[in-house]
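Heads up: the structure comes next, in structure tokens.
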Amino acid sequence: MKVVIVDDTHINLVLMSRLMEKLPDIETVAFQSAHEALAWCREHPCDLLVLDYLMPDLNGLDFIAALGGDARERPPVLMVTASQDVDIRHRALENGANDFLIKPIDKVEFLARVRNMLELRRATLALQSRASWLASEVGKATAELRAREQETILLLCRASEYRDPETGAHIQRMAHYSCLIAAELGLSNQEQECILNAAPMHDIGKVGTPDHILLKPGRLTPDEMDIMRQHAAIGYNILKASEAGMLQLAAVIAHTHHERFDGQGYPNGLAGEAIALAGRIVAVADVFDALTSVRPYKQAWTLDAARTYLLDNSGSHFDPRCVDALMRRWPAVLEIRARFCDAGRQDAA
């Protein structure tokens, strides 16, 4: 371990340095100038500072203050002084000194104090190392759990769309579009991640939609459309009982992503900001990807046609802020389409 000794009196430096030689595995660095010692300490780690309190260029308290840093990371300080003033001792201890010795130094006491402080330093470093390792392991475990959770969600969503194979990578694309819009709107990283994970469950209620309606290659009749629209409430009812925040958000998204900004949507005819922001975000992402993807009842629209549709319906079908956010991130939109490309798809401008 490394000990730094700072004292403006040469004989004191020699005395303390020689005493340090009695301790095993100790490297001593001695300074007669407090400023030189301070400069060295700012560039090199050490395990113990032995500081004279009264020095002409910088006293011990000023040295500690100038060294700065978090007290938990700073090396322990053994303050040494000839003063018997109790107030000085109190101020030294209050300002970062860990222990105190009065000159003339008692050799046995000096070695005992140094030995104890270094042992405490070793234990502290070992504890910090252990804590860092545990934090790393917890981080890894948390990441693994999150990855498994995301995989489970994705598989669940794919199961809900299994009867509709032509949707392809829709749930992945629209989730990333949703996250993109959330980021552009200034939502926090945590909120963005929550939307990214919750958005894929927007159509989970389709598990309750009959195949002959879900897979019908053409326009639905009014009665069939009424049945199809029930998937928003079904999805909400599936997810709403969960206490997990992300699943609660997924329930809100499932329930509101077919609402329209002008109040003409379903299931509740909500309008404007009465619609949850997450639902407004997913509405834009979902429709954009649906327009530009092949469905049993239509061919894929071109990107330009889909953009025009979003802009033309901004303020009526869609929240204008969400549409504008997607448009501002157009290069990233194209990257997402390329990353989660349906097999055999060829993009058109």
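When you read off a place in the sequence shown, starting at 1, and then add 204, the result is the number in our numbering. By construction, the Cβ of each residue, glycine as well, lies at the ideal position given by its N, Cα and C atoms.
Q: Ignore the nearest five residues each way along the sequence and tell me which others in residue 461's own chain have a CB closer than 7 Å to its CB.
A: As a first step, residue 461 must be located in the sequence shown, where it is residue number 257. Within its own chain, the residues whose Cβ lies closer than 7 Å to the Cβ of residue 461, once the five positions on either side in sequence are excluded, are 406, 483, 486, 487, 490, listed in chain order.
Q. When you compare only the Cα positions, how much space is there between residue 449 and residue 329?
A. For the purposes of this step, residue 449 is identified with residue 245 of the sequence shown, where counting begins at 1. For the purposes of this step, residue 329 is identified with residue 125 of the sequence shown, where counting begins at 1. Near 38 Å, if we compare the C-alpha coordinates of residue 329 and residue 449.
Q | Close-in-space but distant-in-sequence residues of the same chain around residue 206 (CB under 6 Å, 5 per side omitted) | A | Looking up residue 206 in the sequence shown gives position 2. Answer for residue 206: 231, 250, 251, listed in chain order.
Q: Identify the continuous beta strand (DSSP E) that holds residue 496 and give its terminal residues.
A: Start at 1 with the first residue of the sequence shown, and residue 496 comes out as number 292. Taken as a continuous stretch (DSSP letters only), residue 496 belongs to no beta strand (DSSP E), as it is neither H nor E.
Q | Bridge-paired residues (DSSP) for residue 283 | A | Along the sequence shown, read from residue 1 onward, the residue named residue 283 stands at position 79. Looking at the DSSP assignment, residue 283 forms a beta bridge with 255, 304.
Q. Which of helix, strand or coil does DSSP assign to residue 206?
A. Stepping through the sequence shown from its first residue, residue 206 is reached at position 2. Correct three-state label for residue 206: strand.
Q: Go ahead and label residue 554 buried or exposed: buried means 16 or more other beta carbons lie within 10 angstroms of its beta carbon, across all protein chains shown.
A: The requested residue 554 does not occur in the structure, where the chain is confined to residues 205 to 553.
Q. Tell me the DSSP bridge mates of residue 518?
A. Indexing the sequence shown from 1 puts residue 518 at position 314. For residue 518, the pairing in a beta bridge is given by DSSP as 522.
Q) Could you give the residue range of the alpha helix (DSSP H) that holds residue 458? A) Position 254 of the sequence shown, counting from 1, holds the residue named residue 458. Residues 449-460.
Q | Between the CA atoms of residue 264 and residue 256 - distance to the nearest angstrom | A | On the sequence shown, position 52 is the one that residue 256 refers to. On the sequence shown, position 60 is the one that residue 264 refers to. Near 6 Å, if we compare the C-alpha coordinates of residue 264 and residue 256.
(Q) Beta-carbon within less than 8 Å of residue 385's beta-carbon, same chain only, minus the 5 sequence neighbours each way: which residues are those? (A) Position 181 of the sequence shown, counted from the start, is the residue given in the question as residue 385. Closer than 8 Å at Cβ, skipping near neighbours: 485, 488, 489, 526, 529, 530, 533.
Q) When DSSP labels each residue in this structure, what does residue 502 get in the three-state scheme? A) Position 298 of the sequence shown, counting from 1, holds the residue named residue 502. Residue state, collapsed to three classes: strand.
Q. Are the C-beta atoms of residue 246 and some chain D residue less than 8 Å apart?
A. Absent from the structure: chain D. Only one protein chain is present.
Q.
So, with DSSP's three-state summary, where would you put residue 475?
A. Counted from its first residue, the sequence shown places residue 475 at position 271. Coil, per DSSP.
Q: Could you work out which residue in 269, 342, 331, 253 is closest to residue 279 when comparing CA atoms only?
A: As a first step, residue 279 is located in the sequence shown; it is residue number 75 there, counting from the start. The shortest Cα separation from residue 279 among 269, 342, 331, 253 belongs to 253.
Q: Spell out the partners DSSP gives residue 231 in its beta bridges.
A: Stepping through the sequence shown from its first residue, residue 231 is reached at position 27. As computed with DSSP, residue 231 is found in a beta bridge with 206.
Q.
What does the Cβ neighbour count give for residue 404, buried or exposed, with the cut at 16 atoms within 10 Å?
A. Reading the sequence shown from its first residue, position 200 is the one you call residue 404. The residue is buried, with at least 16 neighbouring Cβ atoms inside 10 Å.
Q | Sequence-distant residues of the same chain with beta carbon closer than 7 Å to residue 260, five excluded per side | A | As a first step, residue 260 is located in the sequence shown; it is residue number 56 there, counting from the start. Same-chain partners within the cutoff: 212.
Q | Rounded Cβ spacing between residue 442 and residue 409 (contact assumed at less than 8 Å) | A | Within the sequence shown, numbered from 1, the residue matching residue 442 stands at position 238. Within the sequence shown, numbered from 1, the residue matching residue 409 stands at position 205. Yes, residue 442 and residue 409 are in contact; Cβ-Cβ is about 7 Å, under 8 Å.
**Q.** Where residue 429 falls, given that 16 or more other Cβ within 10 Å makes a residue buried
**A.** The count along the sequence shown starts at 1 and reaches residue 429 at position 225. Residue 429 should be labelled exposed.
Q. Among residues of its own chain, excluding the 5 on either side of residue 307, which ones have a beta-carbon nearer than 8 Å to its beta-carbon?
A. Within the sequence shown, numbered from 1, the residue matching residue 307 stands at position 103. Excluding residues up to 5 positions away in sequence, 216, 284, 285, 286 lie with their Cβ nearer than 8 Å to the Cβ of residue 307 in the same chain.
Q: Would you mind stating whether residue 604 and residue 465 have Cβ atoms separated by less than 8 Å?
A: Nothing can be reported for residue 604: it is not among the residues displayed for the chain, which extend from 205 to 553.
**Q.** Inter-residue spacing [alpha-carbon to alpha-carbon] between residue 503 and residue 454
**A.** Here residue 503 refers to the residue found at position 299 when the sequence shown is read from its first residue. Here residue 454 refers to the residue found at position 250 when the sequence shown is read from its first residue. One C-alpha to the other measures close to 29 Å.
Q | Spatial distance of residue 245 from residue 394 (CA atoms) | A | If you number the sequence shown from 1, residue 245 lands on position 41. If you number the sequence shown from 1, residue 394 lands on position 190. The alpha-carbon atoms of residue 245 and residue 394 are separated by roughly 39 Å.
Q: Would you kindly check if the distance between the Cβ of residue 281 and the Cβ of residue 559 is under 8 Å?
A: For residue 559 there is no data in the structure shown, the boundaries of the chain being 205 and 553.
Q | Beta-carbon contacts of residue 303 that lie in its chain and below 6 Å, excluding the five residues immediately before and after | A | As a position in the sequence shown, residue 303 is number 99, starting the count at 1. Counting only Cβ-Cβ distances below 6 Å, and skipping sequence neighbours, we find 282, 317.
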